[in-house]
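Chains as they are written, first to last, in this note's numbering: chain D, 1203 to 1493; chain L, 1203 to 1493; chain Z, 1203 to 1493; chain Y, 1203 to 1493.
Even glycine gets a Cβ: it sits at the ideal position worked out from N, Cα and C.
First the structure, in the form of structure tokens, and then the observations on it.
Number of protein chains: 4
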Amino acid sequence: MAITLGANRYGKAEIRLVRVVRDSDTHELRDLNVSVALCGDLAGPHLSGDNSNVLPTDTQKNTVYAFAKEHGVGEIERFALLLARHFVASQPSIARARVSVEEYGWRRLGPHSFARAGAGTRTAVATVDGDRAWVVSGVADLVLMNTTDSQFVGFVTDRYTTLPEATDRILATTVNARWRHADAQAEHWDGSYAGARQALIDAFTGTYSRALQETLYAMGQRVLAERPELVEVRLSLPNRHHFMVDLAPFGLENPGEVFHADDRPYGLIEGVVQCDDAPPAGPAWEATWSF
Amino acid sequence: MAITLGANRYGKAEIRLVRVVRDSDTHELRDLNVSVALCGDLAGPHLSGDNSNVLPTDTQKNTVYAFAKEHGVGEIERFALLLARHFVASQPSIARARVSVEEYGWRRLGPHSFARAGAGTRTAVATVDGDRAWVVSGVADLVLMNTTDSQFVGFVTDRYTTLPEATDRILATTVNARWRHADAQAEHWDGSYAGARQALIDAFTGTYSRALQETLYAMGQRVLAERPELVEVRLSLPNRHHFMVDLAPFGLENPGEVFHADDRPYGLIEGVVQCDDAPPAGPAWEATWSF
Amino acid sequence: MAITLGANRYGKAEIRLVRVVRDSDTHELRDLNVSVALCGDLAGPHLSGDNSNVLPTDTQKNTVYAFAKEHGVGEIERFALLLARHFVASQPSIARARVSVEEYGWRRLGPHSFARAGAGTRTAVATVDGDRAWVVSGVADLVLMNTTDSQFVGFVTDRYTTLPEATDRILATTVNARWRHADAQAEHWDGSYAGARQALIDAFTGTYSRALQETLYAMGQRVLAERPELVEVRLSLPNRHHFMVDLAPFGLENPGEVFHADDRPYGLIEGVVQCDDAPPAGPAWEATWSF
Amino acid sequence: MAITLGANRYGKAEIRLVRVVRDSDTHELRDLNVSVALCGDLAGPHLSGDNSNVLPTDTQKNTVYAFAKEHGVGEIERFALLLARHFVASQPSIARARVSVEEYGWRRLGPHSFARAGAGTRTAVATVDGDRAWVVSGVADLVLMNTTDSQFVGFVTDRYTTLPEATDRILATTVNARWRHADAQAEHWDGSYAGARQALIDAFTGTYSRALQETLYAMGQRVLAERPELVEVRLSLPNRHHFMVDLAPFGLENPGEVFHADDRPYGLIEGVVQCDDAPPAGPAWEATWSF
């Protein structure tokens, strides 16, 4: 038996970059959280402390800031691809680079004034391996609720069952979704994101839900049906329980009006919806999803 | 020397209440976090474990839910007053009650569908002592940024100074503001809140800032000038530093375009702006502000 | 009616300072979070953007780091006093300074190796006004539990009561306590802290609790009885509810063995225990306590 | 092209269970956070809202509490295996179950009194598929620091390099480590955990580090060398930067004594160390690691 080094990667995480475009009196603003991870010929630092193949994480950080000036930020998928390709192309020891970006939205208040918006964070992950590239986009922390059109009946019962059937309940979730692009050649990343996000919302809103799984599938299905440039959607949907409060002890009825929003435990529904002719995912999902 | 019991209070904190109004096919939604604190003749439980004057915090929670059904939620100031008055009126041992409410905003997506909004939380605190009442409203976690029209020059220097003067910088803050109403008789709490919140935003956006203190005062001043029903504003404004990245080592200029958004440390500017003829604050600010 | 500036202060918050003493092969480590707040003749920046009385928060940060080198850190009360006195003495416009320190504990693993300990954070706040000084020490986030010797009976009941009496329950809390020193002349801050912290733990452990209020008072009383240098204790004790799970539907008894640890809502019990001959608190508690 | 359902799972997450053993006057305490995820024949709920194969997450929760009573908690690996085997054995539609447990440590203060300890959380994940089983144990949030014996030199430089070489620096990290057992038959899970945890600490403390990667490998190697029952270690080590403060502007030297502990960005070093004769991992790592 021998002990060996397996898969490994390293990089700078959570580089908080704010880029202002001030070409006119009306400024533009992009607010990003960028993380870099590199893989390659890195046995040296692990086995003998030899850093001759190691581009420091500090340099990665500098590169992110310098690229934001030289190339602008623009669409985050494009910015992530640009950075990932740079690290692979410029470092002989680096075979694969992954650049992850979270973008925080801001609402314009004036020519150079903004309020941070809160309804979900846009995400993108670009993975480059040699001359191949994969892009996964997504949305995180988008909280949605339907106050009716949700039920949960007909489930398995056993010795440990106490849950009654529910024919009308609140359905609330925090959408964490990612979707894979067929290729890395897209021309309209912003439009693709806006369309996929809206498809998720439309499916959540428009589905009569007999299980959160049914809503999950409807959301993934809608994204793929509407966005031909996408081939796979992965969704993680916590079931944020809203329990109807028992008001009978106080002589009151509660026909679906007063709820306790509980923190823990919560249901967690996760699933993949995909096109059957999707090209191979390669390393696209590494570190972005727990399956 | 003797050891004695001083000020004290108790209550149930962070009761997470969601109230749905389903009188028609178009549902209404209020999403609250309610905390109750009671003061009065409570030496018993402290000194001898005698609970005969103690209304359990569990009962306080039940009361919040029952009132949400019986009276509806409506404007949170009104709901807080109703609850606070109930506890004082119904419990001989309770002299003073404070009910604090945070309200999370939701954006309508459809007749019974909603997305949680993120731009700041509305707050209200009602304090009732006997037959007197005070109301403080506010907004928390409202993140604002100006990308120019801010400078910081002419400050004190000493042996420990390294900061250069800045003639054009980003000014960003998370607004945590509370404002006191002249009395508890208001008829239009929602309109008062909307007006005060907009006054804060307008003053932040419209002020050329030579110090965050100047912006703070302008924000408080604007609220009081526009809202005659308000008499005092308290603001806590962290200076969320955005440092210009030095790109000179890479042969690049950085004319206010690329910034590092730092987490800690941060400046913290706090201040009160008030009307000189404001009625006494009494216990209105207890536990809502650190001054 | 005129609008005026009221109380105000400013400073640098959350300066994360790690100080290593390496006088020998066995290193010492202090890990602090330092916040500074200054008050004085500061109408200028608020009313006219005049910063001629403003010592920048950046300079305050530099001062903290420089003092850590020049004077060492040592006991945090002493370090806080040193800094607060410096700001008042060196800045004619500053009448009052408050320096707050949180200290994170580390357990020694070797001569220069450490593991961060988790059982509560030590705190200190020094307030200096002219030539007077006040010191408040404390502990935060110390989580304690008794699995028996707690009951809750004999309480008020009303229309909204559903809670049954409990004759044997879990009592768990997160201790947030602060205590005021009679004066700022102490010679043994470390010993005072260790003694007060142990008194809190001993009282929590040793009290048969008929209400969390009874435990609170016992904790404050014990601190004052054992530590003559202290004159006032303020405690904020959330009642971290552990609900006995109803196992009857599964044909099982649950004699205090299986509990659900709930997050929200929670009870919140707050109170002051004091010596009746305590000197005036002055500004000692400003911004450290919500009463 | 057709749209299809891919991998999926569901379950109850973060069931907060406290188990007291009160067989004698000296109580025992286990404080757990349990999450369940089930996979199997679950197309029904996704595609047609048919829940006839769905064991509700509420029932899963009940099962966790009931098992804690019927079987006790004991070693968390054993408890997780017991639950995972139950779900697979009792539900024909469930092919695979994963039960994840976090255990929070408490320090004994008395026969029935405890203080929560903070130095890392113990974790275990049991995965059962048919009659096969895998166990992964681990530790999370264990914060370690060496104040010397760390350097970083000899790295790649490029156009974006500004980092100077460091011959003596602080090395600090938050250990998040998981290790796979050769099989699920262990008799001494507690001893295995204690040994692996100590091996991590010993390797961190005892390694002269020329790169955090070298420390990572030493940690994994030590675990496998000392624990024959383990075959693979996965480590995620953020490099918690401590930057030496430049005190030269104040006429002070700083020979490794005064540091700024920074929050973001941070380095992130991740890697696998394994035995070359390890049995296949199967689904052991699903959802526990981002590779």
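Listed by chain order, chain D residues near Asp1351 (chain L) by CB distance under 7 Å = His1314
*Gln1476 (chain D): buried (16+ other C-beta within 10 angstroms of its C-beta) or exposed?*
buried
Q. Tyr1395 (chain D) by DSSP, collapsed to three states: which one?
A. helix
| said: Check whether chain Z comes within 7 Å of Arg1412 (chain L), counting only Cβ atoms and requiring the distance to be less than that. | reply: yes
query: Quick one: Cα of Leu1285 (chain L) to Cα of Val1301 (chain L), how far?
result: 7 Å
Once you ignore the five residues that flank Ser1394 (chain Y) on each side, which residues in its own chain have a CB closer than 8 Å to its CB?
Ser1339, His1383, Ala1388, Arg1429, Glu1431, Leu1432
Touch test, the region 1306 to 1323 of chain D against the region 1343 to 1358 of chain D, Cβ-Cβ under 8 Å, three pairs minimum
yes
Q. Cβ of Ala1388 (chain L) versus every heavy atom of the ligand NAD: is any distance shorter than 6 Å?
A. Questions concerning the ligand NAD fall outside what the structure shown contains, since it holds no ligand whatsoever.
Note to self: Could you check whether Ala1268 (chain Z) and Arg1221 (chain Z) sit closer than 7 Å to each other, using their CB atoms as the reference points?
What the structure shows: no
- Identity of the residues DSSP links to Trp1336 (chain L) by a beta bridge: L:Thr1329
_Collapsed DSSP secondary structure at Thr1376 (chain D) in the structure displayed_ = strand
*Would you kindly check if the distance between the Cβ of Gln1293 (chain L) and the Cβ of Gly1213 (chain L) is under 7 Å?*
no
Inter-stretch contact at 8 Å, needing at least 3 Cβ pairs: the region 1225 to 1232 of chain Y / the region 1456 to 1472 of chain D: no
Can you list, in chain order, the residues of its chain with a C-beta nearer than 7 Å to that of Tyr1306 (chain Y)? Leave out the 5 residues immediately preceding and following it. Asp1233, Arg1318, Thr1323
Using C-beta distances below 8 Å, list every residue in its chain close to Gln1423 (chain L), excluding the 5 sequence neighbours before and after it, in chain order.
Ala1405, Val1475
- Query: Does the region 1478 to 1490 of chain L come close enough to the region 1399 to 1417 of chain Y that 3 or more CB-CB pairs lie under 8 Å?
  - Reply: no
Around the C-beta of Asp1260 (chain Y), are 16 or more other C-beta atoms found within 10 angstroms, so that it is buried, or is it exposed? buried
Handout entry: Arg1324 (chain L) - partner residues in DSSP beta bridges
Key = L:Glu1305, L:Val1341
Exercise. Return no unless some Cβ of chain Y is closer than 7 Å to the Cβ of Ser1492 (chain L).
Key: Any reading at Ser1492 (chain L) needs caution, since the residue's pLDDT is 48, under 50, leaving its predicted position unreliable; the model's value is listed next. Closer than 7 Å: no.
What is the DSSP secondary structure of Arg1287 (chain L), reduced to helix, strand or coil?
helix
- [ ] State the Cα-Cα distance for the pair Asp1392 (chain Y) and Val1377 (chain Y), rounded to the nearest angstrom.
- [x] 19 Å
| said: I want to see whether chain D comes within less than 7 Å of Pro1482 (chain Z), judged by CB atoms only; does it? | reply: no
Beta carbons nearer than 7 Å to chain Y: which residues of the region 1443 to 1469 of chain L have them? Pro1451, Phe1452, Asp1465, Arg1466
Problem set entry | Cβ-based neighbour list, Ala1548 (chain D), same chain, cut-off 8 Å, excluding 5 preceding and 5 following | This structure cannot speak to residue 1548 (chain D), because chain D is shown only from 1203 to 1493.
Integer Cβ distance of Leu1257 (chain L) from Val1355 (chain Z), believed to fall under 8 Å
Not quite, the Cβ-Cβ distance comes to about 14 Å (not below 8 Å), so this is no contact.
At 9 Å on the CB atoms, spell out the chain L contacts of Tyr1362 (chain Y), in chain order. Pro1451, Phe1452
Please list, in chain order, all residues of the same chain as Pro1313 (chain Y) whose beta carbon is under 7 Å from its beta carbon, the five residues on each side excluded. Asp1227, Thr1228, His1229
DSSP has Glu1230 (chain Z) in a bridge; who is on the other side?
Z:Val1223
**OP:** Mind checking who Ala1440 (chain Y) pairs with in its DSSP beta bridge?
**Re:** Sequence inspection shows Pro at residue 1440 (chain Y); the Ala mentioned does not correspond to that position. Answer by DSSP bridge pairing, in chain order: Y:Leu1470.
message: Here's a check: name, in chain order, each residue in its chain whose Cβ is nearer than 7 Å to the Cβ of Ala1480 (chain Z), leaving out the five neighbours to either side.
response: Val1433, Glu1434
Item to check | Inter-residue Cα distance where the pair is Ala1379 (chain Y) and Gly1408 (chain Y) | outcome: 18 Å
Review point. Residue range of the beta strand (DSSP E) that His1462 (chain D) falls in?
Key: 1460 to 1463
- CB contact flag (Pro1247 (chain Y), Gln1415 (chain D), <7 Å): yes
Candidates Z:Met1203, Z:Ala1215, Z:Glu1277: which alpha carbon is nearest Glu1472 (chain L)'s?
Z:Ala1215
| request: Kindly list, in the order they appear in chain Z, the residues whose Cβ is closer than 8 Å to that of Met1203 (chain L). | output: Cys1477, Asp1478, Asp1479
For Met1203 (chain Y), count the other beta carbons within 10 Å of its own beta carbon; 16 or more makes it buried, fewer makes it exposed. Which is it? exposed
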